[in-house]
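Q: Everything in the sequence shown is counted per this note's numbering, starting at 547 for the first residue and increasing by one. Using N, Cα and C, we set each Cβ at its ideal position, and we do this for glycine too.
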Amino acid sequence: MKKKIIRTRFAPSPTGYLHIGGLRTALYSYALAKHSGGKFYLRIDDTDKKREVAGAREKIFEILKLFRISWDEKPVVQSERVKTGVYERAAMSLIRSGHAFYCNCPPRNVKESGVPKVLRDPCRNKNLSSGAIKLMVPEGKEIEFYDFVMDRKVSWNSSEVADTILLKSDGFPTYHLAVVVDDHEMGITHVIRGVEWLSSTPIHLLVYDYLGIEAPLIGHISSILDPSGGKLSKRKGNVAVEQFLEEGYLPEAIINFVILLGWSPKDNRELFTLEEFVEAFDIKGLQKSNPIFNKDKLDWFNGYYIRKKSDGELLHLLKPFVTNVFDESLMSRIIPLVKERLTKLSDFENLAGFFFAFRKPAPNLFGKNYKLHLQEALKVISQLEDFNLDSLNEGLMRAVKMNNFKTGDFFMDLRVAIAGSKITPPINESMVILGKEETVKRLKYALYEI
Ligand code: GLU
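(1) Determine the direct distance from the alpha carbon of Met943 to that of Glu975, and round the result to whole angstroms.
(2) Sorry if obvious, but does the Cβ on Gly808 come closer than 8 Å to a heavy atom of the ligand GLU?
(3) Compute the distance between the beta-carbons of Leu897 and Ile852, then report whether it is under 9 Å.
(4) Buried or exposed for Ala903, please, with buried defined as at least 16 other CB atoms from any protein chain shown within 10 angstroms of its CB.
(5) Measuring CA to CA, which of Lys672, Val737, Leu723, Ser745 is closest to Glu706?
(6) Below 8 Å, is the gap between the Cβ of Pro811 and the nearest heavy atom of the ligand GLU?
(7) Looking at Gly765 and Met1033, is the spacing between their C-beta atoms short of 9 Å?
(8) Inspect the beta-carbon positions of Pro773 and Lys865 and report whether they are closer than 9 Å.
(9) Would the C-beta of Val737 count as close to the ligand GLU, meaning under 8 Å from any of its heavy atoms?
(10) Less than 6 Å between C-beta atoms, sequence neighbours within five positions excluded: which residues of the same chain meet that for Phe956?
(11) Checking the sheet assignment: what are the DSSP bridge partners for Phe933?
(12) Any heavy atom of the ligand GLU closer than 8 Å to the beta-carbon of Trp743?
(13) On a Cα-Cα basis, can you pick out the residue from Asn848, Pro811, Phe933 that is closest to Gly831?
(14) Is there contact here, the segment 776 to 793 with the segment 574 to 584, by at least three beta-carbon pairs under 8 Å?
(15) If Ala577 sits next to Val824, beta carbons under 8 Å apart, how far is it from one beta carbon to the other, in whole angstroms?
(16) What does a CB cutoff of less than 6 Å around Ile711 pick up in its chain, not counting 5 residues either side in sequence?
(17) Should Glu626 go down as buried or exposed, given a rule of 16 or more other Cβ atoms within 10 Å for buried?
(18) Name the DSSP bridge partner or partners of Gly740?
(19) Out of Gly849, Asp936, Phe803, point me to the one whose CA is closest to Met977's CA.
(20) Pick from Leu861, Thr554, Gly562: whose alpha carbon is nearest that of Arg589?
(21) Which whole-angstrom value describes the C-beta separation of Thr561 and Ala600, a residue pair presumed to lie in contact below a C-beta threshold of 8 Å?
(22) With 16 as the cutoff for other CB atoms within 10 Å, does Cys651 come out buried or exposed?
(23) So Gly966 packs on Phe900, CB below 8 Å; how close in whole Å?
(24) Who pairs with Trp702 in a beta bridge, going by DSSP?
(25) For Val623, which residues of its own chain have a beta-carbon under 6 Å away from its beta-carbon, when the five flanking residues on both sides are left out?
(26) Please state if the CB of Leu911 and the CB of Pro837 are separated by a distance shorter than 9 Å.
(27) Which first and last residues belong to the beta strand (DSSP E) in which Lys680 is found?
(28) How many angstroms separate the CA atom of Ile615 from the CA atom of Ile979?
(29) Give the straight-line distance between the Cα atoms of Ile996 and Glu931, rounded to the nearest whole angstrom.
(30) Hey, is Pro621 close to the ligand GLU, as in C-beta under 8 Å from one of its heavy atoms?
(31) First and last residue of the alpha helix (DSSP H) that includes Tyr851?
(32) Considering only the beta carbon of each residue, do Ala923 and Val962 sit closer than 9 Å?
(33) Report the residue from Leu960, Val804, Lys890 whose alpha carbon sits nearest the alpha carbon of Leu569.
(34) In chain order, what residues of the same chain have a beta carbon less than 6 Å from the beta carbon of Tyr563, not counting five sequence neighbours either side?
(35) Starting from the C-beta of Asp490, find all residues in its chain whose C-beta is less than 6 Å away, skip the five residues before and the five after it, and write them out in chain order.
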């Protein structure tokens, strides 16, 4: 018998930015399908028009493309499918089979957890002929499925499940109906989604059952935790993929980091491109425990991928992060000096801004012998006819020895005078780039104007 190909989908709602957890769902779904040559689809779940944010859909497309997560065929857009009547037909067939009813109640009180207080709707026995269409949840029925991510059976008693709206009175389906109808029509074989959707699953399973269609395999991935405890959230720090990109994290680093936020390979390998992840992907590697968002790890990946870039590539990548006039030849001389020290592209400004504009050093950054140090440095530099790295290294080291300075203290004061900071690229190399005139000017400023 021919083996059924794996078909997965990523189905974001365009209600805001793409969450790092959303990117993870997309990645795992993509890898699950592509590992065995299957299909990966993109669906925009936009039936809740009130919550839609303008531009969010385009942003999702843009970000997925940037990460090279490509989808098969055209994206399916639920709001466009409303006109075709698919959702209405499904809801009507449930009415006819007695598994749904019309309801005219105002929206129900919903507790904070999202679980309605009243599980059984008063309209269920009224035989109304118009209004919203709700699922008629049976009493005392065991609803069970095998979660292929958690690798266990999960079950509910239907008495815990609420009569839930499937089709609103404006003709738009809710998520619960649309997800079933569309996953079925798209031939989805495996659904991977966040564990926050687990409580919706019994509703979907009932709808599948009542529509007489087979449910796909469903797996829920565990929530990403903040290192301070609790779920990763906007309140505790950044969670938007877009914002990480704006801060100067490279897509390669973000993707590598996210791959390992809930999945681990058989060996201890840590470095993955998207293609390598697809190749290595195995459902068994999906973790059941909650991964912790370790920012240091992300920083490590980012530094690693920055250092893998050629200087030319970095020149291009750094462009949006340079606030001063972008001088290409100056940039090409600075980049080799800062490459080793960048964690994020946005560090560039802090680390190398002094090349473009003078930064007054804060007096408290200097050591106690700074005047002596700077005087000697100024003497050496002013006398240098050929201002190059060798002559500078040699002249300054001679001054350090002759005056019995501590090398570290001497160069630290030089850093502060030249760059206004204790953390700089190699300082002698930096002075050569700045040129003799500017270097002398800055030393004099630190000596006489502070
Ligand atoms: N539209 C839902 C979301 O925003 C999809 C959940 C699911 O994958 O079923 O995540």
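A: Here's the rundown:
(1) As a first step, residue 975 is located in the sequence shown; it is residue number 429 there, counting from the start. As a first step, residue 943 is located in the sequence shown; it is residue number 397 there, counting from the start. Taking the straight line joining both Cα atoms gives about 14 Å.
(2) Here the question's residue 808 lines up with position 262 in the sequence shown. Because no heavy atom of the ligand GLU lies under 8 Å away, the Cβ of Gly808 does not count as near it: no.
(3) Counting from one through the sequence shown, the residue named residue 897 turns up at place 351. Counting from one through the sequence shown, the residue named residue 852 turns up at place 306. Taking 9 Å as the Cβ cut-off, Leu897 and Ile852 do not qualify as a contacting pair.
(4) Working through the sequence shown from its first residue, we reach residue 903 at position 357. Flag for Ala903 reads exposed.
(5) Numbered from 1 along the sequence shown, position 160 holds the residue referred to as residue 706. Checked all of Lys672, Val737, Leu723, Ser745; the closest Cα to Glu706 is Ser745.
(6) Counting from 1 along the sequence shown, the entry for residue 811 is found at position 265. Because no heavy atom of the ligand GLU lies under 8 Å away, the Cβ of Pro811 does not count as near it: no.
(7) Nothing can be reported for residue 1033, as the shown portion of the chain is limited to 547 through 996.
(8) Position 227 of the sequence shown, counted from the first residue, corresponds to residue 773. Position 319 of the sequence shown, counted from the first residue, corresponds to residue 865. Going by C-beta atoms, Pro773 is not nearer than 9 Å to Lys865.
(9) Taking the sequence shown and counting its residues from 1, the one referred to as residue 737 is at position 191. Within the cutoff, so yes.
(10) Stepping through the sequence shown from its first residue, residue 956 is reached at position 410. So the list reads His919, Val946, once near-sequence residues are dropped.
(11) If you number the sequence shown from 1, residue 933 lands on position 387. Beta-bridge pairing links Phe933 to no other residue.
(12) Sequence index remark: in the sequence shown, residue 743 carries index 197 (1-based). Yes.
(13) For the purposes of this step, residue 831 is taken as residue 285 along the sequence shown, with counting starting at 1. Per the Cα distances, Pro811.
(14) no
(15) Numbered from 1 along the sequence shown, position 31 holds the residue referred to as residue 577. Numbered from 1 along the sequence shown, position 278 holds the residue referred to as residue 824. Yes, Ala577 and Val824 are in contact; Cβ-Cβ is about 5 Å, under 8 Å.
(16) To locate residue 711, count along the sequence shown from 1; it is residue 165. So the list reads Ala678, Lys680, Thr720, once near-sequence residues are dropped.
(17) Start at 1 with the first residue of the sequence shown, and residue 626 comes out as number 80. Per the 10 Å Cβ criterion, exposed.
(18) In the sequence shown, counting from the first residue as 1, residue 740 sits at position 194. Ile767, per the DSSP bridge assignment.
(19) Position 431 of the sequence shown, counted from the first residue, corresponds to residue 977. Met977 has its Cα closest to that of Asp936, out of Gly849, Asp936, Phe803.
(20) The sequence position of residue 589 within the sequence shown is 43, counting from 1. Minimum Cα distance to Arg589 is reached at Thr554.
(21) The count along the sequence shown starts at 1 and reaches residue 561 at position 15. The count along the sequence shown starts at 1 and reaches residue 600 at position 54. Their Cβ separation, rounded to whole angstroms, is 11 Å, which puts Thr561 and Ala600 out of contact at 8 Å.
(22) For this step, residue 651 is matched to residue 105 along the sequence shown. Its Cβ having fewer than 16 others within 10 Å, Cys651 is exposed.
(23) Along the sequence shown, one-based indexing puts residue 966 at 420. Along the sequence shown, one-based indexing puts residue 900 at 354. The Cβ separation is near 6 Å, so the contact holds.
(24) For this step, residue 702 is matched to residue 156 along the sequence shown. Looking at the DSSP assignment, Trp702 forms a beta bridge with Ile689.
(25) Counted from its first residue, the sequence shown places residue 623 at position 77. These residues qualify, in order along the chain: Ile590.
(26) Taking the first residue of the sequence shown as position 1, residue 837 is located at position 291. Taking the first residue of the sequence shown as position 1, residue 911 is located at position 365. It is not a contact, given that the beta carbons lie outside the stated cut-off.
(27) For the purposes of this step, residue 680 is taken as the residue at position 134 of the sequence shown. 678 to 681 is the extent of the beta strand (DSSP E) around Lys680.
(28) One-based indexing of the sequence shown puts residue 615 at position 69. One-based indexing of the sequence shown puts residue 979 at position 433. Spanning the two alpha carbons is a distance of roughly 41 Å.
(29) Numbered from 1 along the sequence shown, position 450 holds the residue referred to as residue 996. Numbered from 1 along the sequence shown, position 385 holds the residue referred to as residue 931. Approximately 28 Å between the Cα atoms of the pair.
(30) Position 75 of the sequence shown, counting from 1, holds the residue named residue 621. Not so, every heavy atom of the ligand GLU lies at least 8 Å from the Cβ.
(31) Locating residue 851 in the sequence shown gives position 305, where the first residue counts as 1. It spans 841 to 854 - the alpha helix (DSSP H) in which Tyr851 sits, taken as one unbroken run.
(32) Taking the sequence shown and counting its residues from 1, the one referred to as residue 923 is at position 377. Taking the sequence shown and counting its residues from 1, the one referred to as residue 962 is at position 416. Against a cut-off of 9 Å, the Cβ pair of Val962 and Ala923 comes out as no contact.
(33) As a position in the sequence shown, residue 569 is number 23, starting the count at 1. Selected option, being the one with the closest Cα: Val804.
(34) Within the sequence shown, the letter at position 17 stands for residue 563. The answer, listed in chain order, is Ala786, Glu788.
(35) Only positions 547 to 996 of the chain appear in this structure, which leaves residue 490 out of reach.
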